[in-house]
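Trainee:
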Amino acid sequence: MSYSPKKVPLGAVLQQAGLVTVTQVKEALEQQSQLKTKLRIGEILAEQGDIKPQTADFFANHWYVLSTQKPQQPIGQYFKQAALLTQQQIEIILKEQKQHKLKFGEMAIAKGWLKQKTVDFFIDHLVNSPIEEKKQYSFTEDSDYSQRVHEGFLKIKLKLLNLEDQDNYSEEALIRVLWWTGGQSFLTHTVFQLVRETRDTLISATESEQVDYIVKNQLLSDWENQKLSKHLKNIEAKLLNNPQCSSFQLLSMYQRILWDEVFIDDSVEQQELLKLGLVVKQQDKLSVANRIYSTVFNSHWLKQKLTYPVDPTVTLIATESKQTTPLSSSNLLRPKNILLVLALISLLSVFFNNLAKRIAVRTAFEQGNQLLKQKSYNQALAKYDRLLKIDSNYFQAWTNQGYALAGLERYEEMRQSCYTASIIEPTAVYAWNCQGEALHNLKREREAIIAFDRAIALDPNDAIFLINKSESLRSLGKNEEALKVIEKAIQVLEKQEAIVGKPQVSNELAIALTFLGNGYRNKQQYQAAINTYNRALEYSPNYFAAQIGKGIVLTQIQRYPEAQAAFKLILNNSNLPKAKQAQTWFYLGKTLCQAQQPRDGIAAFEQAIKLKPDYRAAFLAKQKCQ
């Protein structure tokens, strides 16, 4: 039985439908509050790119009425009205339903067009079925129901891929295999066969990472001698010696599709690429069929083949055109010379098209980086997303996208983005560091250390990797090991200082020395800690972590006047954020109370609470000070 969403806010409805996350709704609400905008929550979510404007309009203006009436249309039409499916996708599902004997929603999920949660939500609210009347299932409360549905749809996907007779595959493994194969039957079966064969030999990795390792090392690396060699060489041979059209024209068309979306025009070249299975139709455009093909037949492969023509016609024309006899206007119109002109025009077209794409990619990357520096994380993500649609192998964009996700505290997505960068380019040192930072924030410090070690092995002279590793070691309680690593980082930075000068390394040295000072403080080596903090402040006088650390140590060794002076110096900084002001007032209050100045101490705690009303530690300290 459907239930009324009348009292449910739009943000909550969209969450229940699986269309937005809690974080996205929270950000939209904060923006609505901070900017005091008249925009509704759905409009803000659409403006941020989280949902389509048509989807926001559907749920804001039509959902309540539809959910309180008997369904007047097939469920697919409601998905279309919500801009969740296109008419073409609906027609494809209806056509294939009879073949696979599956329900509409099951087909949409199996094809990856809709989430299980979204289909389930629409069925619960729009489909009246007294015989199979459902409880008002909560997607978070009824885990047994969700698990049954989830497992059911996994079986459906495996059935569509003719894999239902194989071992039980997890959803994670299936998604990652399809990420590589695009659902191409032969490739999918080959990858799953390798997954099954190596299942017991791969350890210390998620299933997605195991799939990536298998594809990269057993299929793509030295692909001419791997399991897919016959299949891929067959495609290559038909690209280079195609009886239906010029190989040069065929490669040029493929290059355009690889670089950009190309509209279908039913040319001979497009038809041949479709027959080969190298490209697929996506509505009215063409795209490369899957990541395995785009990785093997990539820009480097194309450059080699276009630079050294294999088409005998093109080679012959180029040779004969080197005659020393001047060409008259009539000679220029001879058939073979026309072919030469057309070939040159095509070559120039490819050149300028590639140049335009490179400019677009570079521009989007620079714009994204600028937005990242400005902490405009959502806008930066939009730029990187646009770039990666043009060139999905741009590993620097995957890395920087990870750091933009870090700014939004979406650490698992950050890890996945940076992991993708390292798959594309295993020597991408900052991709490994990015993975380490994500894993550290996910409280997976041991894995973080492995990632930092990879970065350090690639570039032992970048001290940031050592600093990050020491922080993960400290989180695991390995304080002695953490100190040794941070000391090594300082040695690296001091060598760089001697070469490039103090200003070039001042920030990094301030951070490293502060970490070292914290280590001495934890070991109760207080004078060594103070000396180290002072060194850090020589490099960066307003570095808060060093300033506050020094004040805390001075309080611990009962040098109260010096501690008070240290905290007051911090508060003199007019650019100090409120959170750091509150923290400084708190430690000043503790110092004053310990120095038998309770009135001043209480006043300091009150300042901290004023700046941070939920500062529980300040409340408790104030009570003890009285």
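Under the working numbering, think of the first position of the sequence shown as 248, with each following residue one higher. Where a beta carbon is used, it is the ideal one built from N, C-alpha and C, also for glycine.
#1: With a Cβ-Cβ cutoff of 7 Å, do Asn-820 and Asn-789 count as a contact?
#2: Who does Val-267 pair with in a DSSP beta bridge?
#3: So, helix, strand or coil for Ser-376, using DSSP?
#4: Is DSSP giving Ile-799 helix, strand or coil here?
#5: Does any residue of chain B have a CB that is nearer than 7 Å to the CB of Tyr-807?
#6: Quick check on the burial criterion: 16 or more other C-beta atoms within 10 angstroms. Buried or exposed for Val-269?
#7: Assign Ser-722 to one of three DSSP states: helix, strand, or coil.
#8: Taking contact to mean 3 or more Cβ pairs, one atom from each stretch, closer than 8 Å, check whether the region 476–493 and the region 454–463 are in contact.
#9: DSSP has Leu-533 in a bridge; who is on the other side?
#10: Between the region 666–682 and the region 635–646, are three or more C-beta pairs nearer than 8 Å?
#11: Pick helix, strand or coil for Arg-423, following the three-state DSSP scheme.
#12: Which residues in the same chain have their Cβ closer than 7 Å to the Cβ of Leu-779, if we skip the five residues on either side of it in sequence?
#13: Mark His-547 as exposed unless 16 or more other C-beta atoms lie within 10 angstroms of its C-beta, in which case mark it buried.
#14: So, for Phe-322: in the same chain, excluding its five sequence neighbours on each side, which residues have a beta-carbon less than 8 Å away from its beta-carbon?
#15: Considering only residues of the region 309–372, which uninterrupted alpha helix (DSSP H) runs meet the minimum length of 4 residues and lie entirely inside it, listed in chain order?
#16: Pull up the distance between the alpha-carbon of Gln-502 and that of Asp-632, whole angstroms please.
#17: Can you find the residues in the same chain that come closer than 7 Å, C-beta to C-beta, to Val-732, ignoring five residues on each side of it along the sequence?
#18: Taking the continuous alpha helix (DSSP H) assigned at Leu-784, which residues delimit it?
#19: Taking only three categories from DSSP, how would you classify Ile-856?
#20: Out of Pro-707, Pro-860 and Gln-344, state which residue places its alpha-carbon closest to the alpha-carbon of Leu-735.
#21: Glu-741 to Gly-258, Cα distance in whole Å?
#22: Quick one, are the C-beta atoms of Glu-519 and Gln-491 less than 7 Å apart?
#23: Under a three-way DSSP split, which group does Gln-805 fall into?
#24: Could you give the first and the last residue of the continuous alpha helix (DSSP H) run that contains Gln-828?
#25: Are there 16 or more other CB atoms within 10 angstroms of the CB of Gly-615, so buried, or fewer, so exposed?
#26: Return the chain-ordered list of same chain residues with a C-beta closer than 8 Å to the C-beta of Glu-294, the five sequence neighbours on each side being excluded.
#27: Comparing alpha-carbon positions, which option in Ser-753, Pro-750, Phe-791 and Arg-806 lies nearest Tyr-773?
#28: Is it right to say Arg-443 is buried, meaning 16 or more other beta carbons lie within 10 angstroms of its own, or is it exposed?
#29: If distances are taken between C-alpha atoms only, which option among Leu-466, Gln-278 and Gln-621 comes closest to Arg-538?
#30: Between Ala-685 and Tyr-658, how many whole angstroms is the CB-CB distance? I'm expecting something under 8 Å.
#31: Starting from Gly-764, trace the alpha helix (DSSP H) in both directions and tell me its first and last residue.
#32: How many whole angstroms separate the CB atoms of Phe-306 and Leu-261, which I take to be in contact at a CB cut-off of 8 Å?
#33: Buried or exposed: Asp-297, going by 16 or more other Cβ atoms within 10 Å of its Cβ?
#34: Just curious, the alpha helix (DSSP H) that Phe-544 is in, first and last residue?
#35: Between Ile-504 and Ser-534, how many whole angstroms is the CB-CB distance? I'm expecting something under 8 Å.
Mentor: Let me lay it out:
#1: Looking up residue 820 in the sequence shown gives position 573. Looking up residue 789 in the sequence shown gives position 542. Yes, they are a contact pair.
#2: The count along the sequence shown starts at 1 and reaches residue 267 at position 20. Per DSSP, none; premise fails for Val-267.
#3: Counting from 1 along the sequence shown, the entry for residue 376 is found at position 129. For Ser-376, the pLDDT reaches just 41, beneath the cut-off of 50, and the residue's location in the model is therefore unreliable, although a value from the coordinates is still provided. Looking at Ser-376 - three-state DSSP - the assignment turns out to be coil, as it is neither helix nor strand.
#4: Your numbering for residue 799 matches position 552 in the sequence shown. The answer is helix: DSSP assigns Ile-799 an H, G or I state.
#5: Structure shown: chain B not included; a single protein chain is present.
#6: Here the question's residue 269 lines up with position 22 in the sequence shown. So Val-269 ends up on the exposed side.
#7: Along the sequence shown, read from residue 1 onward, the residue named residue 722 stands at position 475. Here Ser-722 sits in helix by DSSP.
#8: no
#9: Here residue 533 is taken as the residue at index 286 of the sequence shown, counted from 1. Answer by DSSP bridge pairing, in chain order: Val-509 and Lys-528.
#10: yes
#11: The residue given as residue 423 occupies position 176 in the sequence shown. Residue state, collapsed to three classes: helix.
#12: To locate residue 779, count along the sequence shown from 1; it is residue 532. Just to set this straight, residue 779 is Thr in the shown sequence, not Leu. So the list reads Leu-760, Leu-763, Gly-764 and Tyr-767, once near-sequence residues are dropped.
#13: Counted from its first residue, the sequence shown places residue 547 at position 300. Its Cβ having fewer than 16 others within 10 Å, His-547 is exposed.
#14: Locating residue 322 in the sequence shown gives position 75, where the first residue counts as 1. The sequence given here places Ile at residue 322; Phe does not occur at that position. Closer than 8 Å at the Cβ level, and outside the excluded window around Ile-322, lie Phe-351, Gly-352, Phe-369, Ile-370, Leu-373 and Val-374.
#15: 310–314, 322–328, 334–347 and 351–357
#16: Indexing the sequence shown from 1 puts residue 502 at position 255. Indexing the sequence shown from 1 puts residue 632 at position 385. Their backbone Cα atoms lie some 21 Å apart in a straight line.
#17: As a working mapping, residue 732 is identified with position 485 in the sequence shown. These residues qualify, in order along the chain: Leu-713, Lys-716, Ser-717 and Leu-720.
#18: Along the sequence shown, one-based indexing puts residue 784 at 537. Counting along the chain, the alpha helix (DSSP H) containing Leu-784 begins and ends at 773–786.
#19: For the purposes of this step, residue 856 is taken as the residue at position 609 of the sequence shown. Residue state, collapsed to three classes: helix.
#20: To locate residue 735, count along the sequence shown from 1; it is residue 488. Sequence check: residue 735 is Lys here, not Leu. Closest option to Lys-735, Cα to Cα, is Pro-707.
#21: The residue given as residue 741 occupies position 494 in the sequence shown. The residue given as residue 258 occupies position 11 in the sequence shown. Approximately 52 Å, taken between the alpha carbons.
#22: Start at 1 with the first residue of the sequence shown, and residue 519 comes out as number 272. Start at 1 with the first residue of the sequence shown, and residue 491 comes out as number 244. In contact: Glu-519 and Gln-491 (Cβ atoms closer than 7 Å).
#23: One-based indexing of the sequence shown puts residue 805 at position 558. Of the three classes helix, strand and coil, the one that applies to Gln-805 here is coil, per DSSP.
#24: Within the sequence shown, the letter at position 581 stands for residue 828. Its alpha helix (DSSP H) spans residues 825–841.
#25: Stepping through the sequence shown from its first residue, residue 615 is reached at position 368. Gly-615 is buried by the Cβ-count criterion.
#26: Here residue 294 corresponds to residue number 47 of the sequence shown, with the count starting at 1. Hits under 8 Å: Leu-286.
#27: Numbered from 1 along the sequence shown, position 526 holds the residue referred to as residue 773. Considering only alpha carbons, the answer is Arg-806.
#28: In the sequence shown, counting from the first residue as 1, residue 443 sits at position 196. It is exposed - the Cβ of Arg-443 has fewer than 16 other Cβ atoms within 10 Å.
#29: Numbered from 1 along the sequence shown, position 291 holds the residue referred to as residue 538. Of the listed residues, the one whose Cα sits closest to Arg-538 is Leu-466.
#30: The residue you call residue 685 lines up with position 438 of the sequence shown. The residue you call residue 658 lines up with position 411 of the sequence shown. With 8 Å as the limit, Ala-685 and Tyr-658 qualify as a contact, their Cβ atoms being about 5 Å apart.
#31: Translated into the one-based positions of the sequence shown, residue 764 becomes position 517. Segment 749–769, the alpha helix (DSSP H) holding Gly-764.
#32: By 1-based counting over the sequence shown, the position of residue 306 is 59. By 1-based counting over the sequence shown, the position of residue 261 is 14. About 6 Å; that satisfies the 8 Å criterion.
#33: The residue labelled residue 297 in the question sits at position 50 within the sequence shown. Buried.
#34: Numbered from its first residue, the sequence shown carries residue 544 at position 297. It is not in any alpha helix (DSSP H) - Phe-544 carries neither H nor E in the DSSP assignment.
#35: Numbered from 1 along the sequence shown, position 257 holds the residue referred to as residue 504. Numbered from 1 along the sequence shown, position 287 holds the residue referred to as residue 534. Right, the Cβ-Cβ distance comes to about 6 Å (below 8 Å), so this counts as a contact.
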